[in-house]
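For reference, the structure is listed below as structure tokens.
In this note's numbering, the protein residues as written are 30 to 317.
Have a look at this one:
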């Protein structure tokens, strides 16, 4: 799944740019709708869901009762719950970074749409490599520690290197360092969830997990855009050219976005350190 997701991340900027150059936004939207219809028809007609024996009690279970059962199971498995809450914080920072990145690269003299597409594609290429790396590496001794360590490395190196440099090459290196550990983290998380949660509860738990882990993504997009437009860019406009802030993040358009990316690096580091202390008391034992 992470492999296919990485492949999409690599290809979609290039395909979208080509379609936009050929037929404008109308062609992009038309192709988007067509691909949705293909996926919808394929799932509707060609994907068979095998029958599963379900008790009469579960058959009569309502949506609310199912959600309650999933949340109860998560509450009983505090290690999994803490990991999910940790990754919801990671997703907040990551989605804010995604929202700010165009505002950082597009206005730069050595930036623009093509550079943004290249930098974005590097994230997908590296995640593709990371997915293959995760499939050949031996299991880690401590999966919980790996999850925290990879996210600490990812959120700090990507955000700090991106915000403090002016070169597209450095931005691509930041993406490499930031996104390479992500598949290693997601693989360990899936192993922990699948081996810890009972099979009959995994559907409900995964639904609750997706809600808790990913609800911060739209919040992050709003937070990142609002901070750049309302706080960071106006602040950097008032900074004198000889100040430390100007030497760190530059001057003019894009400097406020650089400041915001740096702040996100600090926020990501704080989240990782706090949850690192919380998760220290939990131990995951690999089942043979």
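Each residue gets a CB set at the ideal place from its N, CA and C atoms; glycine is no exception.
N- and C-terminal bounds of the alpha helix (DSSP H) containing residue i
{"i": "residue 166", "result": "First-last for residue 166: undefined, no H or E at that position."}
{"i": "residue 101", "result": "92-105"}
{"i": "residue 187", "result": "172-193"}
{"i": "residue 78", "result": "From DSSP, residue 78 is part of no alpha helix (DSSP H); its letter is neither H nor E."}
{"i": "residue 206", "result": "197-208"}
When the options are compared against residue i, the one with the closest alpha-carbon
{"i": "residue 192", "options": "308, 45, 289 and 97", "result": "289"}
{"i": "residue 15", "options": "188, 93 and 102", "result": "What the structure shows of the chain is the stretch from 30 to 317, and residue 15 is not part of that stretch, so it cannot be assessed."}
{"i": "residue 135", "options": "117, 159, 164 and 195", "result": "195"}
{"i": "residue 206", "options": "221, 253, 185 and 309", "result": "185"}
{"i": "residue 178", "options": "96, 300, 314 and 44", "result": "300"}
{"i": "residue 92", "options": "69, 232 and 261", "result": "232"}
{"i": "residue 141", "options": "99, 304 and 282", "result": "282"}
{"i": "residue 128", "options": "259, 304, 292 and 250", "result": "250"}
{"i": "residue 248", "options": "118, 315 and 272", "result": "118"}
{"i": "residue 280", "options": "133, 292 and 77", "result": "133"}
{"i": "residue 143", "options": "263, 51, 75 and 197", "result": "197"}
{"i": "residue 315", "options": "168, 126, 59 and 54", "result": "168"}
{"i": "residue 97", "options": "295, 275, 307 and 237", "result": "237"}
{"i": "residue 137", "options": "258, 106, 99 and 278", "result": "278"}
{"i": "residue 209", "options": "181, 228, 225 and 305", "result": "181"}
{"i": "residue 294", "options": "76, 253 and 259", "result": "253"}
{"i": "residue 306", "options": "258, 78, 174 and 226", "result": "174"}
Beta-carbon contacts of residue i that lie in its chain and below 8 Å, excluding the five residues immediately before and after
{"i": "residue 201", "result": "147, 148 and 151"}
{"i": "residue 131", "result": "145"}
{"i": "residue 230", "result": "98, 99 and 102"}
{"i": "residue 27", "result": "Shown here, the chain extends from 30 to 317; a query on residue 27 therefore has no answer."}
Residues near residue i by beta carbon distance below 7 Å, same chain, minus five either side
{"i": "residue 246", "result": "120 and 124"}
{"i": "residue 57", "result": "45, 48 and 49"}
{"i": "residue 172", "result": "217, 220, 221 and 313"}
Residues of its chain near residue i, where Cβ-Cβ distance is below 6 Å and the 5 sequence neighbours each way are ignored
{"i": "residue 261", "result": "285, 288 and 289"}
{"i": "residue 190", "result": "203"}
{"i": "residue 63", "result": "none"}
{"i": "residue 213", "result": "163 and 179"}
{"i": "residue 116", "result": "242"}
{"i": "residue 256", "result": "289"}
{"i": "residue 110", "result": "103"}
{"i": "residue 268", "result": "274 and 275"}
As an exercise, report each continuous beta strand (DSSP E) stretch of at least 3 residues that is fully enclosed by the stretch 218-306, in chain order.
Along the stretch 218-306, the beta strand (DSSP E) does not occur as any fully enclosed run of 3 or more residues.
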